[in-house]
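**Student:** In the numbering used here, the protein residues as written are 4 to 492.
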Amino acid sequence: MNHFGIGQFARDILRKPLYPYQEVAGDAILASVLGGKGLTFSVMFARQMGKNQLSAVLEAYLLACIPQGTIIKAAPTFKPQVITSRMRLLSMLDNQLTRHRVWRSYGYMLGVAPSSAQIKEQSGPSIQFFSSSPEANIVGATASLLLEVDEAQDIPFEKFDRDLRPMASTTNATTVLYGTAWSDQTLLATVRAHNLELEQRDGIKRHFEYDWRTLAALNPNYRRFVEGEMQRLGEDHISIRTQYRLLTISGAGLLFSPMQRHLLQGSHAWEQEPSASGLYIAGMDVGGEQRAVQRVQGEAIPRGEHDSTIITIGKISHNELDLPRLDIVHQYAWSGKKFTEQYAETIAICEQWGITRLVIDKTGLGEGMASLLVAKLGTERVQTFHFTRPSKSKLTYQLLGLLNSSRLKLYKRADAPADIANECWKQLTLARYRMPSKAILDMYVDPLEGHDDFLMSLALCCEALKDWIAPSGTQIITPPSTSYGDGNY
């Protein structure tokens with residue numbers, strides 16, 4: 004059968020034209036397959052730039068134009084990633100070259116249904132879909148045409164080396180790893196570095212990388228979308244850096260860069276008491292009743308097993324775009340204080356400051372305190388937050404989003420009690436992030452370096468600002484009645 008270029012095939016046969024950058028990568032991959040070169044490619048496109056479409060077009064091309072052979076496609080999860088890839092390919096097989104064929108699914112395999120005389124033989128090319136999760140048992144399959152690894156930044160080295168890479172070893176099949184940036188220690192980042200080194204040696208291009216600006220120059224809608232996300236989150240937000248700018252980040256670096264700490268430093272005063280026109284919210288991280296070893300603002304703070312109880316109070320205002328911003332104006336720190344005393348003082352603080360919304364950590368030690376405060380003040384004023392891996396990740400992204408958009412500021416350090424300000428800034432300086440899995444971000448302070456109570460209280464105060472409604476004229480701002488922090492959002 005006559006072979007098409009990948010661009011012509013997508014445009015004239017599939018009626019799904021590719022962008023020029025997709026064609027460049029696709030032609031190189033296709034040339035390796037058809038020429039039996041067995042090259043390994045790395046393909047990094049920014050989000051929504053069509054790496055999955057390119058993969059499906061390549062698969063459809065080989066199934067339509069090659070008489071025999073096997074493609075293997077692996078992704079971190081069978082549901083939904085593998086299933087989505089399979090459905091996308093099936094939609095492309097409804098074309099003028101393959102419409103007359105009967106496609107049959109044999110569980111994880113898709114191929115041409117054999118005739119009665121070919122029951123025991125493969126009657127045409129096929130594709131096999133596998134999960135590449137660490138626990139998936141996929142040893143034994145062979146790719147004779149193409150081995151594709153989707154979201155390769157999420158696949159462990161051991162899984163690739165032990166189970167996936169050998170699938171192409173005996174047939175010299177071409178291998179493609181697709182994905183976006185994440186840490187600089189991922190499988191994809193390692194293959195990328197190796198491919199760039201090989202290119203310097205022999206001039207053969209094996210790595211194809213296009214960040215958001217490539218498609219933005221061709222598609223105004225995409226440009227407006229990404230620019231809007233950058234305005235909303237900031238260019239240094241982790242999602243923007245990794246998924247759109249394709250910049251890798253270290254695996255356990257500091258949560259706040261020097262520039263971000265500079266942005267966090269506000270020019271407003273520490274408030275000893277609320278102003279008459281102020282609208283105040285608060286975040287509360289609950290510590291234990293432990294022995295104290297140092298004092299903060301007249302209260303003892305232990306540096307032992309448990310964090311302190313920290314209440315962070317913020318004043319709401321709105322910027323020139325009518326987006327809510329938060330100025331932190333006061334913080335309370337208690338340690339070694341009995342829960343009954345903490346409860347009574349928290350009630351008094353809420354009444355003194357007119358706290359509209361208090362978000363309290365109900366995980367572990369905070370559960371009893373949270374229940375008492377909800378019973379006393381009601382769910383409109385007190386909302387609980389349960390720390391889980393997903394909920395803490397969203398809390399971290401939210402904190403960074405407010406900071407990067409200049410909508411979160413701390414009081415002037417010189418105005419605050421030195422022990423409060425010093426401990427708060429110490430934790431913010433020591434705060435780190437780690438990425439236990441894709442798109443999951445964890446913030447913490449290394450226990451060997453200190454505690455994270457001020458950090459968590461600040462983040463919970465930001466949670467109290469979540470979904471705040473912008474003012475209309477002189478209308479009083481009221482919070483939505485939605486319940487927050489149940490760990491299910």
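We put the CB at the ideal spot given by N, CA and C, even for glycine.
1) Quick check: the Cα distance between Tyr22 and Ala13, rounded to an integer number of angstroms?
2) Count the other CB atoms, across all protein chains shown, that sit within 10 Å of the CB of Phe160; report buried if there are 16 or more and exposed otherwise.
3) Closest to Tyr24 by CA distance: which of Ala285, Met52, Arg204 and Gly256 is it?
4) Per DSSP, which residues does Lys76 bridge with? Please list them.
5) For the region 389-398 and the region 406-421, state whether three or more C-beta atom pairs, one from each stretch, are separated by less than 8 Å.
6) For the candidate residues Phe81, Leu93 and Ile241, whose alpha-carbon lies nearest to that of Arg437?
7) Report the option in Ala31, Leu267 and Ala34 whose CA atom is closest to the CA atom of Leu411.
8) When DSSP builds the beta bridges, which residues end up paired with Gln188?
9) Can you tell me which of Gly290, Ile252 and Gln263 puts its alpha carbon nearest to the alpha carbon of Leu402?
10) Please go through the same chain and pick out, in chain order, the residues whose beta-carbon is closer than 8 Å to the beta-carbon of Ala434, but skip the five residues on each side of it.
11) What residue ranges within the region 393-451 form continuous alpha helix (DSSP H) runs of no fewer than 4 residues, ordered along the chain?
12) Along the chain, where does the alpha helix (DSSP H) that runs through Trp215 open and close?
13) Under the rule that 16 or more other beta-carbon atoms within 10 Å means buried, what is Val152, buried or exposed?
14) Between Thr173, Leu190 and Asp187, which lies nearest to Gly143 when the distance is taken from Cα to Cα?
15) Less than 9 Å separating the beta-carbons of His333 and Glu274?
16) Can you tell me which of the three DSSP states Pro70 falls into?
17) In or out: Thr387 buried (at least 16 other Cβ within 10 Å) or exposed?
18) Rounded to the nearest angstrom, what separates Ser134 and Pro169 at their Cα positions?
19) Cα separation between Arg328 and Leu463?
20) Tell me whether the region 223-230 and the region 364-381 touch, counting them as touching only if at least three CB pairs, one residue from each stretch, are closer than 8 Å.
21) Using DSSP bridges, identify the partner residues of Trp337.
22) Which value, in whole angstroms, describes the spacing of the CA atoms of Gly453 and Ser278?
23) Suppose contacts are defined by Cβ-Cβ distances below 9 Å. Is Glu154 in contact with Gln84 by that definition?
24) Report the residue from Leu42, Thr312, Glu276 and Trp356 whose alpha carbon sits nearest the alpha carbon of Phe342.
25) To the nearest angstrom, how far is it from the Cα of Asp166 to the Cα of Ile141?
26) Assuming Ile252 is part of the alpha helix (DSSP H), what are its boundary residues?
27) Measure the beta-carbon distance from Ser186 to Ile252 and round it to whole angstroms, keeping in mind my assumption that it falls under 8 Å.
28) Does DSSP put Thr366 in a helix, a strand or coil?
29) Which class does Asp330 belong to by DSSP, given the choice of helix, strand or coil?
30) Within this structure, are the beta carbons of Leu190 and Leu201 separated by less than 9 Å?
31) For Pro450, is the classification buried or exposed, using 16 other Cβ atoms within 10 angstroms of its Cβ as the cut-off for buried?
32) Using the C-alpha atoms, what's the distance from Met47 back to Tyr213?
33) Count the other CB atoms within 10 Å of the CB of Glu62; is the residue buried (16 or more) or exposed (fewer)?
34) Between the alpha carbons of Ile158 and Trp106, how many angstroms are there, rounded?
35) Might you give, ordered along the chain, the residues of its own chain that have their beta carbon closer than 6 Å to the beta carbon of Val289, omitting 5 neighbours on each side?
36) For Met95, report the span of its beta strand (DSSP E) as first-last.
**Tutor:** Put simply:
1) Position 19 of the sequence shown holds residue 22. Position 10 of the sequence shown holds residue 13. Taking the straight line from one Cα to the other gives about 10 Å.
2) Numbered from its first residue, the sequence shown carries residue 160 at position 157. Looking at its Cβ environment, which holds fewer than 16 other Cβ atoms inside 10 Å, Phe160 is exposed.
3) In the sequence shown, the residue the question calls residue 24 occupies position 21. Checked all of Ala285, Met52, Arg204 and Gly256; the closest Cα to Tyr24 is Met52.
4) Position 73 of the sequence shown, counted from the start, is the residue given in the question as residue 76. Per DSSP, Phe132 and Glu151.
5) no
6) The sequence position of residue 437 within the sequence shown is 434, counting from 1. Answer by Cα proximity: Ile241.
7) For this step, residue 411 is matched to residue 408 along the sequence shown. Among Ala31, Leu267 and Ala34, the Cα nearest to that of Leu411 belongs to Leu267.
8) By 1-based counting over the sequence shown, the position of residue 188 is 185. Note: Gln188 sits in no beta bridge, so no partner.
9) Position 399 of the sequence shown, counting from 1, holds the residue named residue 402. The shortest Cα separation from Leu402 among Gly290, Ile252 and Gln263 belongs to Gln263.
10) Translated into the one-based positions of the sequence shown, residue 434 becomes position 431. Cβ within range, chain order: Leu257, Leu258, Phe259, Met446, Tyr447, Val448, Asp455 and Leu458.
11) 421-433
12) Walking along the sequence shown from the start, residue 215 turns up at place 212. Here the alpha helix (DSSP H) through Trp215 covers Trp215 to Ala219.
13) Stepping through the sequence shown from its first residue, residue 152 is reached at position 149. Per the 10 Å Cβ criterion, buried.
14) Here the question's residue 143 lines up with position 140 in the sequence shown. Ranking the options by Cα distance to Gly143, first place goes to Thr173.
15) The residue you call residue 333 lines up with position 330 of the sequence shown. The residue you call residue 274 lines up with position 271 of the sequence shown. In this structure, Glu274 lies closer than 9 Å to His333 by Cβ.
16) As a working mapping, residue 70 is identified with position 67 in the sequence shown. Looking at Pro70 - three-state DSSP - the assignment turns out to be coil, as it is neither helix nor strand.
17) In the sequence shown, counting from the first residue as 1, residue 387 sits at position 384. Buried, because 16 or more other Cβ atoms sit within 10 Å of the Cβ of Thr387.
18) Residue 134 sits at position 131 when you count from the first residue of the sequence shown. Residue 169 sits at position 166 when you count from the first residue of the sequence shown. Spanning the two alpha carbons is a distance of roughly 16 Å.
19) Position 325 of the sequence shown, counted from the start, is the residue given in the question as residue 328. Position 460 of the sequence shown, counted from the start, is the residue given in the question as residue 463. One C-alpha to the other measures close to 14 Å.
20) no
21) Counting from 1 along the sequence shown, the entry for residue 337 is found at position 334. Answer is Thr312.
22) Counted from its first residue, the sequence shown places residue 453 at position 450. Counted from its first residue, the sequence shown places residue 278 at position 275. Per the coordinates, the alpha-carbon of Gly453 lies some 34 Å from the alpha-carbon of Ser278.
23) The residue given as residue 154 occupies position 151 in the sequence shown. The residue given as residue 84 occupies position 81 in the sequence shown. Cβ distance < 9 Å, so Glu154 and Gln84 count as in contact.
24) Mapped onto the sequence shown, residue 342 falls at position 339. Taking only the C-alpha atoms, the option nearest Phe342 is Thr312.
25) Within the sequence shown, numbered from 1, the residue matching residue 166 stands at position 163. Within the sequence shown, numbered from 1, the residue matching residue 141 stands at position 138. Their backbone Cα atoms lie some 7 Å apart in a straight line.
26) The count along the sequence shown starts at 1 and reaches residue 252 at position 249. Premise fails: Ile252 is in no alpha helix (DSSP H) and is neither H nor E.
27) Residue numbering aside, residue 186 sits at position 183 when the sequence shown is read from its first letter. Residue numbering aside, residue 252 sits at position 249 when the sequence shown is read from its first letter. Yes, Ser186 and Ile252 are in contact; Cβ-Cβ is about 6 Å, under 8 Å.
28) Counted from its first residue, the sequence shown places residue 366 at position 363. The answer is coil: DSSP assigns Thr366 none of H, G, I, E or B.
29) Counted from its first residue, the sequence shown places residue 330 at position 327. If DSSP states are grouped into helix, strand and coil, Asp330 belongs with the strands.
30) Walking along the sequence shown from the start, residue 190 turns up at place 187. Walking along the sequence shown from the start, residue 201 turns up at place 198. No; because the gap between Cβ atoms is not below 9 Å, this pair is not in contact.
31) Taking the sequence shown and counting its residues from 1, the one referred to as residue 450 is at position 447. Exposed: under 16 other Cβ atoms inside 10 Å.
32) Taking the sequence shown and counting its residues from 1, the one referred to as residue 213 is at position 210. Taking the sequence shown and counting its residues from 1, the one referred to as residue 47 is at position 44. In a straight line, the C-alpha of Tyr213 is about 6 Å away from that of Met47.
33) Translated into positions along the sequence shown, residue 62 becomes position 59. Result: buried.
34) Walking along the sequence shown from the start, residue 158 turns up at place 155. Walking along the sequence shown from the start, residue 106 turns up at place 103. Their backbone Cα atoms lie some 30 Å apart in a straight line.
35) Numbered from 1 along the sequence shown, position 286 holds the residue referred to as residue 289. Answer for Val289: Thr312, Asp364, Leu368, Gly369 and Met372, listed in chain order.
36) Indexing the sequence shown from 1 puts residue 95 at position 92. Counting along the chain, Met95 falls outside any beta strand (DSSP E), though it belongs to the alpha helix (DSSP H) covering Ile86 to Met95.
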